[in-house]
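> Got a structure for you, questions after.
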């Protein structure tokens, strides 16, 4: 099931990007083991990936034929050289949030696309599980964002928010982990994930994708 969901979500991400721009120069920050970048490369994108974990970089090369750079190479990327920058569940891990957003702003071309996916602490599952909500993930998650706070933050760096989209499978995954933390059960996790999605409406999904456009 996990592989099916991953394949589905990777396809959705590529389709989203293709709907936003015809340009192909893509940077993924926090690329993990390279599954997304491999899919992007096979879809015709010119890809660059940054990943802080050395073991993950090695796995990306071995499993997905993607050569990732250490995260400190962010400062060496040429200004206005990227059409698309993506951060899939990465921004909440960043130590130097302001500095990194400044750097990202300089390397995205005018009218380029910046896509961020982060957990949403205003979601139903966050309210339901409270301190046991797995997406708090302390101490690995250094920041927690509401829809308003993430939009307000990123727009300070020369971007305009265009749309917010759901990551519908995240509510089930996070609920499963949360139930594990509190000693609950799988059935309740599935129920909570379903209810969270049903109550989400426009901006209360467990995790959300935020699409920004670089100001001209």
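Residue numbers (my numbering): 26 to 241.
Cβ coordinates follow ideal geometry from the N, Cα and C atoms, glycine included.
Return the residue from the list 238, 102, 192 that minimises the CA-CA distance to residue 31.
192
> How long is the line joining the alpha carbons of residue 173 and residue 44, rounded to whole angstroms?
24 angstroms
> Let me know if residue 148 comes out buried or exposed under the rule of 16 or more other beta-carbons within 10 Å of its beta-carbon.
buried
> Pull the bridge partners of residue 145 from the DSSP assignment, please.
170
> Determine the direct distance from the alpha carbon of residue 64 to that of residue 37, and round the result to whole angstroms.
11 angstroms
> Using the three-state DSSP reduction, which class does residue 134 fall into: helix, strand or coil?
DSSP places residue 134 in strand when its eight states are reduced to three.
> Could you please give the first and the last residue of the uninterrupted beta strand (DSSP E) stretch that includes residue 80?
Looking at the DSSP string, residue 80 is not in any beta strand (DSSP E); the run it does join, the alpha helix (DSSP H), is 79–89.
> Where are the alpha helix (DSSP H) runs, 4 residues long or more, that stay fully inside the segment 26–69, in chain order?
27–45, 60–67
> I want to know whether the segment 127–143 touches the segment 103–111 - three or more CB-CB distances under 8 angstroms.
yes
> So the candidates are 154, 159, 101; which of them puts its Cα closest to the Cα of residue 128?
101
> Of all the options 117, 53, 83, 81, which has the alpha carbon lying nearest to the alpha carbon of residue 145?
117
> Hey, residue 238 and residue 185 are a contact pair by Cβ (cut 8 angstroms); roughly how many whole angstroms apart?
Contact between residue 238 and residue 185 holds: their C-beta atoms lie close to 5 angstroms from each other, under 8 angstroms.
> Buried or exposed for residue 233, going by 16 or more other Cβ atoms inside 10 Å?
buried
> Would you call residue 135 buried or exposed, if buried means 16 or more other Cβ atoms sit within 10 Å of its Cβ?
Under this definition residue 135 is an exposed residue.
> With DSSP run on the structure shown, which of helix, strand or coil describes residue 11?
The structure shown does not extend to residue 11, since the chain spans only 26 to 241, so no value can be given for it.
> What are the boundary residues of the beta strand (DSSP E) that includes residue 231?
Taken as a continuous stretch (DSSP letters only), residue 231 belongs to no beta strand (DSSP E), as it is neither H nor E.
> Looking only at C-alpha atoms, which of 51, 85, 151, 130 sits nearest to residue 181?
Nearest option by C-alpha distance: 130.
> Kindly give me the distance between the Cβ atoms of residue 75 and residue 94, rounded to whole angstroms, as I take these residues to be in contact under 8 angstroms.
5 angstroms
> Is there a Cβ of chain D sitting closer than 8 angstroms to that of residue 178, yes or no?
In summary, chain D is missing from the structure at hand, where a single protein chain is found.
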